[in-house]
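Some notes on the structure that comes next.
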Amino acid sequence: MIENANIEYSPNVDVTIQNKLTKEDVQKLDDFFKDQVADTEKINLLITTENWEGITLKGLLEDLKVMKHLTSINKAALVSDSKLMEADSKLDRLLPGVSLQFYTKDQKEDAKAWLSE
132 MIENANIEYS PNVDVTIQNK LTKEDVQKLD DFFKDQVADT EKINLLITTE NWEGITLKGL
192 LEDLKVMKHL TSINKAALVS DSKLMEADSK LDRLLPGVSL QFYTKDQKED AKAWLSE
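Residue numbers (our numbering): 132 to 248.
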């Protein structure tokens, strides 16, 4: 399940992912970019995972479609447990042009501060 925490425009977008990421979740994120983020503006993305169980195959295939929005992301902070960070530590190579930092759950305020710099 994916939840977008901020409704009104802000340069910092807070997204929470719970359990397993599905095709519908990725479509929701794609819709957010289409509806809320102009093609020329850059946002900072705070992604918090809770009880991460991975992504479904359909979700992964849909995720590839969302890659077109990478040009809208300036920075991304991933707040998660260390197990996920170890598995996804090579994500920065897959996200060209996006400055990516990893944080543990107790460092969430540090992540927010970094995104605001």
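Backbone N, C-alpha and C define an ideal beta-carbon position, used for all residues, glycine too. None of the values given here were measured: they were computed from a predicted structure.
Check, Outcome
"Alpha-carbon spacing of Leu177 relative to Phe164, whole angstroms", "14 Å"
"For Ser247, the first and last residue of its enclosing alpha helix (DSSP H)", "Lys239 to Ser247"
"Where Thr235 sits in the DSSP three-state scheme", "coil"
"Assigned exposure category for Asn182 - 16 Cβ within 10 Å defines buried", "exposed"
"Spatially closest choice to Asn150 from His200, Asp212 and Val168, by CA coordinates", "Asp212"
"Collapsed DSSP secondary structure at Ser203 in the structure displayed", "helix"
"Which residues DSSP lists as bridging Asn143, in chain order", "Asn175"
"Val157 - DSSP class collapsed to helix/strand/coil", "helix"
"Residue environment, Thr235, which counts as buried when at least 16 other CB atoms sit within 10 Å", "exposed"
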